[in-house]
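Under the working numbering, think of the first position of the sequence shown as 732, with each following residue one higher.
By construction, the Cβ of each residue, glycine as well, lies at the ideal position given by its N, Cα and C atoms.
Quick caveat, the model's predicted, so the values are computed rather than measured.
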Amino acid sequence: MRDPAVIVDAGVHVWRAEHRSRPWPPGREEPQREEPFGVDELLGLMDASGVDRAVVVPPIWVGEDNTEVLEWAAQHPQRIAVMGRHPFTPETVGQLAAWRDQPGMLGIRMSYPKAEFGDWLDLDHADWFWSAAARAGLPLFVLCQNQAGRLAPIAQRYPQLPLIVDHLALRNIRLDRLAGRDADAFERFDELLELARFPNVHVKFSSLPTYSNEPYPYHDLDLGLQRARDAFGSERIMWASDLTRMSLLENPPEYTELLGHVRDELSFLSSAERGDILGGTALRVLWCTEP
């Protein structure tokens, strides 16, 4: 199998330890692992696995401060870029017009605690944000697990707004597993597939082992991933490891397995399709360049 010309990990959290000069917001979820995950560790794994670039995201527990990740992007401009976190208040919406003028910044990652930020997926509640992001043409990573259908009104009203759906909008079944309950991560998958009618909607093959009930190579995901490919086409699919989230699993996979799953094990993909998913789509949509 021919490897893609450029491999992009389109979503991984990096962070430093909390410090009194940069306190984390109270009441957010706990970090996905005890030790901070910095860019040097990430670059070492990328080098060992043949990954050329990574899109890093400040995790939800550190808040809406992009300072650290932008510093890392400035230090490694050929390897690291950022999907930052916006404060998501009407008072700061003016930042969006020049958001991508920040060196290393590609767009925004949307994941906000509802209790703190309200129902941000509701178009009427948050149209001040969606309309401004659309005017700026900002790519958005959207975490809407088990709620893909709620993106339809946004995609329809703002066809120029690039929406990238994280984790295929699959249901987070980790807590069900811990409680010994059966759960289907794909229970509302048709809602995601229906979004394929909007050309501005893209999806991510990300955090995939989280949704599998089998060991590597996670063949119980094959049908769903193939249906996503059939609906969206590989030119609207990106791969992302979501590496630190793997720490929450009982048997965390290696970084090489996260890449190898898509590169080597999805037999329904052609060489050209693997090239799109593992790098080409991210380069076109996020960097606005051809692979």
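- Every beta strand (DSSP E) of 3 residues or more that sits fully in the stretch 820-849 is shown, in chain order, as 836-841.
- Per DSSP, reduced to three states, the secondary structure at F936 is strand.
- In the three-state scheme derived from DSSP, where H, G and I count as helix and E and B as strand, D740 is classed as strand.
- Scanning I885, R759, W746 and S972 for the CA closest to the CA of E847 turns up R759.
- The C-beta distance from V786 to N797 rounds to 13 Å, too long to meet the 8 Å contact threshold.
- Judged by DSSP secondary structure, M814 falls within the beta strand (DSSP E) whose first and last residues are I811 to G815.
- For A785, the enclosing beta strand (DSSP E) starts and ends at R784 to V788.
- Secondary structure note for V745: it is in no alpha helix (DSSP H), with a DSSP letter that is neither H nor E.
- It is roughly 13 Å from the alpha-carbon of R784 to the alpha-carbon of T1012.
- Fewer than three pairs of CB atoms, one per stretch, sit closer than 8 Å, so the stretch 738-752 makes no contact with the stretch 817-836.
- Exposed is the label assigned to W859, since fewer than 16 other Cβ atoms lie within 10 Å of its Cβ.
- Distance check between E918 and each of N903, G1010, R1005 and F929 places N903 closest, using alpha-carbon atoms only.
- One thing to note: P940 has its Cβ no nearer than 8 Å to the Cβ of L892.
- Taking C-beta separations shorter than 8 Å and ignoring five residues to either side along the sequence, the partners of W830 in its chain run G815, H817, M836, G838, I839, A867 and L869, following chain order.
- Of the other Cβ atoms in all chains shown, 16 or more fall within 10 Å of the Cβ of A864; this residue is therefore buried.
- S943 places its beta carbon 8 Å or farther from that of D740.
- About 7 Å separates the beta carbon of H807 from that of V770, a gap short enough to meet the 8 Å contact definition.
- One alpha carbon belongs to A886, the other to F963, and they sit about 14 Å apart.
- For the set Y947, S842 and L852, the Cα lying nearest the Cα of E985 is the one of Y947.
- Contact annotation: L926 and L882 have beta-carbon atoms nearer than 8 Å.
- The three-state secondary structure of L773, taken from DSSP, is helix.
- For S1001, the number of other beta carbons within 10 angstroms of its own is below 16, and it is reported as exposed.
- Per DSSP, the unbroken beta strand (DSSP E) holding V896 starts and ends at L894 to V896.
- W861 carries a helical assignment under DSSP once its states are collapsed to helix, strand and coil.
- The distance from the Cβ of H933 to that of L974 is about 21 Å, inconsistent with a contact at the 8 Å cut-off.
- Excluding the 5 residues flanking it on each side, T987 has same chain C-beta neighbours closer than 7 Å at S780, in chain order.
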